[in-house]
Every structure is written in C-alpha cells, then in structure tokens.
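> Before anything else, here's the structure in question.
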Amino acid sequence: MFWDQVSFQLRPQPRGVHLITREVLAHIPQLNQINVGLLHLFIQHTSASLAINENADPTVRSDVRRHLDILVPENAPHYQHTYEGPDDMPAHIKSILTGTELTIPIKNGALALGTWQGIYLCEHRNAAGGRRVIATLQGNLKS
Amino acid sequence: MFWDQVSFQLRPQPRGVHLITREVLAHIPQLNQINVGLLHLFIQHTSASLAINENADPTVRSDVRRHLDILVPENAPHYQHTYEGPDDMPAHIKSILTGTELTIPIKNGALALGTWQGIYLCEHRNAAGGRRVIATLQGNLKS
Amino acid sequence: MFWDQVSFQLRPQPRGVHLITREVLAHIPQLNQINVGLLHLFIQHTSASLAINENADPTVRSDVRRHLDILVPENAPHYQHTYEGPDDMPAHIKSILTGTELTIPIKNGALALGTWQGIYLCEHRNAAGGRRVIATLQGNLKS
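Here the protein sequences line up with chains L, D and R, keeping their order. So for the first sequence, this note's numbering puts the first residue at 1; every next one is plus one. So for the second sequence, this note's numbering puts the first residue at 144; every next one is plus one. So for the third sequence, this note's numbering puts the first residue at 287; every next one is plus one.
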C-alpha cells in the first residue's frame with residue numbers, strides 16, 4: 001500500500017479555463033509506480049477551482065468561461081462582499097459551483113481518464129498568482 | 144486492506160437524469176466484502192455526469208433536467224464550440240456543474256447512502272451510447 | 287494504514303450557508319493521529335450540501351446563499367415536484383450543483399486547507415433538522 005502527498009504551485013494563469021493535465025503530471029512522477037489507486041487533487045484557494053472536461057478544442061474552455069461569467073455576473077446588486085474587487089465574489093460562487101477538489105482513478109501507472117478528458121484549472125480572478133495544489137496519491141504498487 | 148477496480152458500461156439512456164443505483168451495484172458485488180471503506184465512481188466522458196439525489200419521486204429527476212436546460216440553454220449566442228450539435232456545448236457545461244466523479248462511503252458491506260439518496264446518471268446528449276464508468280473500491284475486509 | 291468511520295449529526299441550521307469547520311473537527315479527534323491521508327465527508331441528505339470556500343467574511347456566505355436563490359428560484363413554472371413545499375425542489379437542484387461530498391487532504395495530523403478555506407454546510411430547506419454526516423478517515427499513522 002503506497003501513500004504519497006506533494007504540494008506544488010501551478011503556473012499563474014489569466015482569468016479563464018485552462019488545461020493543466022500535463023502540468024499536474026509533471027509534479028507527480030511517482031504515479032507510474034501505482035498499479036491500482038486514486039489521485040486526489042485539492043486547490044488551496046477559494047477563487048479558483050478544478051474540473052474535468054474536454055481536452056481537445058480550446059473553444060470548449062472559452063465557452064465554459066463565458067457561460068460561468070453569465071451565470072455568476074460581476075456587480076450583481078445582491079452582492080455585499082464587494083471590497084476585494086468586482087471579480088472576487090463571482091470567483092467564490094464559481095468555485096463552489098465547479099468544485100475545489102477532484103479524485104481520479106489510477107490504473108497501471110497512469111490516470112484512467114477517458115480519451116477526451118483533461119484536468120481544468122478554472123481561474124476566476126483577473127490577476128491571481130500561481131495556485132497551490134495538494135496531490136495525494138494512494139494505491140497498490142506495481143509488482 | 145482491500146483494493147479493486149472495475150470498468151463497466153452503463154446501459155444507454157436518453158437525455159435526462161436517471162437513477163442508476165441498482166445498475167451500479169450489479170457491477171460491484173465485491174462491495175459486500177468491505178467492512179469500512181470508500182467507493183469511487185468516475186465517468187470517462189465529458190458530456191454526461193454523476194450526482195447523488197432523491198431516489199423516490201421521478202419528477203425530481205425531470206425537474207432537475209428541465210432546470211439544467213434553463214441554466215445552460217442550447218444555441219446561446221456566446222457559444223463558439225457548435226460543430227458537434229446544439230446539445231454538445233451545453234452538455235460540457237452541465238457536466239462541469241454537476242460533476243464527473245463521486246465518492247460514497249461503504250459501511251458493513253453496503254453503500255452508506257441516506258434513506259432518500261440514490262446515484263444519478265445525468266445524460267446531457269440527445270443520443271449517446273452506453274457510458275463507461277471506472278469503479279474503485281477500497282477498505283477493510285469484513286472479518 | 288489507518289481507517290476509521292464515524293457518523294454524526296450537525297447542529298440544525300436555518301436556510302443559508304454556514305461555516306462548520308470547527309464543528310466537524312470536534313467529531314473527528316482521531317484526525318491528529320494521521321500523518322498523511324484523506325478525510326471524506328458525506329452528507330446523507332438530498333436537500334443540503336457541502337462545499338469549501340472562504341472562512342473569514344460572513345458576507346461571502348450570505349452572497350452565496352442569495353446567488354443560489356437566484357439561480358434556482360422557488361415556484362419556477364417548470365417544477366412538477368411541488369408537494370413538499372416551495373423550498374424543496376430548489377433544494378434538490380442546489381444540492382446537485384454544490385455537491386453531496388468532499389475529500390480533504392490530511393497532513394501532519396490536520397486538514398491541509400488553504401489559509402482562507404473552511405467547510406460549508408449549505409442548508410437549502412427553511413426548517414430542517416440536524417443533518418447527518420459520515421466521516422471516513424484514512425491514512426498513515428504518525429510514527
């Protein structure tokens with residue numbers, strides 16, 4: 001039974017939805033020792049989030065971003081938490097709707113993602129720094 | 144410490160929200176060997192998703208479907224990713240909002256769901272095939 | 287390898303979004319024995335949910351509540367499931383959008399939350415009782 005946990009910082013990204021599968025994998029080379037297991041990813045922030053979706057066409061990601069901006073607009077009259085800027089309160093709500101953490105199955109030393117799946121960083125702030133992620137890996141080692 | 148992972152295909156479903164608790168359980172009979180543990184379910188697609196909600200009245204599921212169709216309509220003017228049909232880009236966004244994966248506690252050989260809880264397949268495409276799910280089980284075996 | 291599972295009832299809360307980090311921690315003192323691991327929280331209900339977000343300013347939580355009430359209004363004309371009261375069907379949809387369960391990394395005997403992160407109970411009913419949560423802890427014990 002293998003357990004490991006690493007903390008790393010993603011590259012800073014502009015507001016929007018970004019494919020980060022390769023960047024995440026570069027931080028967890030120990031993944032390829034695991035036969036059957038799970039990878040847990042947790043973003044330690046309240047205005048950026050993680051999701052899984054289409055890894056091929058970048059217009060999917062820009063459409064997701066535009067749709068989130070419509071579902072959770074800036075400057076809505078019911079916001080009271082406004083002193084951190086117009087992008088802040090929408091960022092909190094978008095993070096709750098899309099999610100702070102992900103668990104992904106590991107099979108034979110690799111993530112068992114579907115053909116069209118990738119890991120998304122949803123960056124909801126206009127000018128954030130690199131976001132910190134905790135990756136926890138567990139499973140049975142390859143024999 | 145017990146680990147197992149199985150991949151199976153759900154029966155094809157029309158667009159809508161479907162209760163699949165029994166169908167999932169039929170694929171993982173090894174569940175009843177686990178005393179305390181976790182079941183992880185991961186759908187390997189970007190236009191269908193998994194959720195947990197009310198297992199009794201089917202109008203809950205049709206209301207969820209109608210509400211998702213309102214929150215994420217077809218043919219919104221801001222979509223650029225349109226070449227896979229009008230149901231495709233909304234399917235990606237709905238999948239992100241509802242989620243690709245679930246973890247459910249296992250207790251004494253069964254899922255520790257609440258009385259009114261069941262597992263939902265949220266099928267967002269009009270004419271999809273059977274969706275592939277990876278189930279990962281872990282825990283302590285019953286003595 | 288450590289496994290434990292406890293079931294507890296949260297204090298009843300009015301409709302809204304509530305910070306419950308301390309209340310959850312009070313139910314799982316065994317957390318501080320774990321060096322590296324994961325905490326899984328599962329709410330056994332279909333009209334309340336769990337999320338992670340900002341732990342400092344309570345107006346974030348009231349803004350989240352107001353925004354959910356706008357995204358999923360009461361008495362929408364497309365609801366058929368209305369016989370449990372006007373707050374019921376919106377509660378099911380809000381629960382699906384925000385999520386029934388959370389996994390949080392454990393590091394050196396504590397939750398590895400970011401500085402500004404806390405655990406939210408999203409109570410979507412007007413007059414619910416205390417909600418039942420199953421906490422499952424796993425990891426390596428401190429040496």
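Built from N, CA and C at the ideal position, the CB exists for glycine as well.
#1: Quick one, which residues of the stretch 331–350 of chain R are near chain L if we go by CB-CB under 7 Å, in chain order?
#2: Taking only beta-carbon atoms, is R/Leu457 less than 8 Å away from chain D?
#3: Measuring CA to CA, which of L/Val133, L/Ala112, L/Gly118 and L/His78 is closest to L/Ile34?
#4: If I measure Cβ to Cβ from R/Thr422 and keep anything under 6 Å in the same chain, skipping five residues before and after, which residues do I get?
#5: In chain L, what lies closer than 7 Å to R/Asn426 by C-beta?
#6: Taking C-beta to C-beta, are L/Arg131 and L/Leu10 nearer than 8 Å?
#7: Kindly identify the DSSP beta-bridge partner or partners of D/Arg275.
#8: Have a look at D/Asn269 and D/Met232 and give me their C-alpha separation to the nearest angstrom.
#9: Residue ranges of each alpha helix (DSSP H) run of no fewer than 4 residues wholly in the stretch 28–86 of chain L, ordered along the chain?
#10: Can you tell which of D/Ala194, D/Ala271 and D/Ala219 has the C-alpha that lies nearest to the C-alpha of D/Ile262?
#11: Does the beta-carbon of R/Ile356 have 16 or more other beta-carbons within 10 angstroms, so that it is buried, or is it exposed?
#12: Does any CB atom of chain L fall closer than 8 Å to the CB of R/Leu407?
#13: Could you spell out where the beta strand (DSSP E) holding R/Leu311 opens and where it closes?
#14: Which of the three DSSP states is assigned to D/His267 in this structure?
#15: Which chain R residues are close to L/His81, counting only those with a beta carbon under 7 Å from its beta carbon?
#16: At which residues does the alpha helix (DSSP H) containing L/Thr103 begin and terminate?
#17: Going along the chain, which residues of its own chain have a beta-carbon closer than 6 Å to the beta-carbon of R/Ile390, five neighbours each way excluded?
#18: In this structure, does DSSP put L/Ala97 in helix, strand or coil?
#19: Rounded to whole angstroms, what's the CA-CA distance from R/Asp373 to R/Ile379? Just pull it up for me.
#20: With 8 Å as the threshold, decide whether the Cβ of L/Ile93 is near any Cβ in chain R.
#21: Which one of D/His170, D/Val207, D/Glu227 and D/Val179 has the shortest CA to CA distance from D/Thr189?
#22: Using a Cβ-Cβ cutoff of less than 8 Å, which residues in the same chain neighbour R/Glu309 once the five nearest sequence positions on both sides are dropped?
#23: What is the DSSP secondary structure of D/Ala253, reduced to helix, strand or coil?
#24: Starting from the Cα of R/Leu383, find the closest Cα among R/His353, R/Ala362, R/Gly395 and R/Gly400 and give me that residue.
#25: Going by DSSP, name the residue or residues bridged to L/Asp4.
#26: Contact check, D/Gly242 vs D/Ser205 under 8 Å by CB: the rounded distance?
#27: Using beta carbons (cut-off 8 Å, strictly below), is R/Ile420 in contact with chain D?
#28: Identify the residues that DSSP records as bridge partners of R/His304: which are they?
#29: Rounded to a whole number of angstroms, what is the C-alpha to C-alpha distance between D/Thr225 and D/Thr258?
#30: Around the C-beta of R/Ala377, are 16 or more other C-beta atoms found within 10 angstroms, so that it is buried, or is it exposed?
#31: Can you give me the C-alpha to C-alpha distance between L/Val60 and R/Lys428, rounded to a whole angstrom?
#32: With distance defined between alpha-carbon atoms, name the residue in L/Phe8, L/Val64 and L/Gly37 nearest to L/Leu19.
#33: What does the alpha-carbon distance come out to for the pair D/Asn198 and R/Ser381?
#34: Would a check of beta-carbon distances place D/Gly242 closer than 8 Å to chain L?
#35: Rounded to whole angstroms, what is the Cα-Cα separation between D/Gly252 and D/Phe185?
Well, looking at it:
#1: Ala337, Ile338, Asn339, Glu340, Asp343, Thr345, Val346, Ser348, Asp349 and Val350
#2: Since the first residue of chain R shown is 287 and the last is 429, residue 457 of chain R is not available in this structure.
#3: L/Ala112
#4: Gln291 and His326
#5: Trp3
#6: yes
#7: D/Gln152
#8: 12 Å
#9: 58–71
#10: D/Ala194
#11: exposed
#12: no
#13: No beta strand (DSSP E) contains R/Leu311, which is instead part of the alpha helix (DSSP H) from Thr307 to Ala312.
#14: coil
#15: Asp343, Thr345, Val346 and Asp349
#16: Unbroken run through L/Thr103 is the beta strand (DSSP E), Glu101 to Lys107; no alpha helix (DSSP H).
#17: Leu325 and Leu397
#18: Residue identity differs from the one stated: residue 97 of chain L is Leu in this sequence, not Ala. Residue state, collapsed to three classes: helix.
#19: 11 Å
#20: yes
#21: D/Glu227
#22: Leu296 and Arg297
#23: strand
#24: R/His353
#25: L/Leu137
#26: Contact doesn't hold; Cβ gap of about 20 Å is too wide.
#27: yes
#28: R/Leu407
#29: 41 Å
#30: buried
#31: 44 Å
#32: L/Val64
#33: 14 Å
#34: yes
#35: 20 Å
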